[in-house]
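Remarks on the structure that follows.
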């Protein structure tokens, strides 16, 4: 996902630091912590889903190291299953078929972050 904004079937991924637009629709922050230095006005977040965020331990282990990306996704998916978040993610995907939803994140790496992983998981759910 080398684009700054990635989209499929009404669900998109975008950095919270990129300008918000009307095309974003519902903007859902997927980070556990509020982005440092970003005002609520600039972020224009509609919803903050901390429950989708990886645990502090997993986030720190990953450290946005691309070499750990595959293992991060496996561990993150396991966490989502253990915390019963796949139902909520499935609901989010289904909502995205009716309205535009943009998952926003604060990582500097546009290709290796929890919003990209959630985007991938959502499209693989049955």
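In the numbering used here, the protein residues as written are 78 to 203. Cβ coordinates follow ideal geometry from the N, Cα and C atoms, glycine included.
Three or more C-beta pairs under 8 Å: does that hold for the segment 94-106 against the segment 173-180? Put simply, the segment 94-106 touches the segment 173-180. At least three CB pairs are less than 8 Å apart.
Can at least three beta-carbon pairs, one atom from the segment 161-175 and one from the segment 117-130, be found at a separation below 8 Å? Counting C-beta pairs with one atom in each stretch, the segment 161-175 and the segment 117-130 have three or more that are closer than 8 Å, which means they touch.
Return the chain-ordered list of same chain residues with a C-beta closer than 7 Å to the C-beta of residue 156, the five sequence neighbours on each side being excluded. Taking the chain shown and counting its residues from 1, the one referred to as residue 156 is at position 79. Cβ within range, chain order: 131, 132, 135.
Residue 197 versus residue 189 - alpha carbon distance: Along the chain shown, one-based indexing puts residue 197 at 120. Along the chain shown, one-based indexing puts residue 189 at 112. Using only the alpha carbons, I get a separation of about 11 Å.
Option in 96, 142, 138, 167 with minimal Cα separation from residue 116: Against the chain shown, residue 116 aligns to sequence position 39. When each option's Cα is compared against that of residue 116, the closest is 96.
Note down, in chain order, each residue of its chain lying with its Cβ closer than 7 Å to the Cβ of residue 153, except the 5 sequence neighbours on either side. Reading the chain shown from its first residue, position 76 is the one you call residue 153. Within the same chain, residue 153 has close Cβ partners 131, 135, 191, 194.
Which listed residue (139, 99, 146, 185) has its alpha carbon closest to that of residue 123: Looking up residue 123 in the chain shown gives position 46. Selected option, being the one with the closest Cα: 99.
Just curious, the beta strand (DSSP E) that residue 88 is in, first and last residue? By 1-based counting over the chain shown, the position of residue 88 is 11. Note, residue 88: beta strand (DSSP E), 88-92.
Does DSSP put residue 191 in a helix, in a strand, or in coil? The residue you call residue 191 lines up with position 114 of the chain shown. Here DSSP, grouped into helix, strand and coil, assigns residue 191 to helix.
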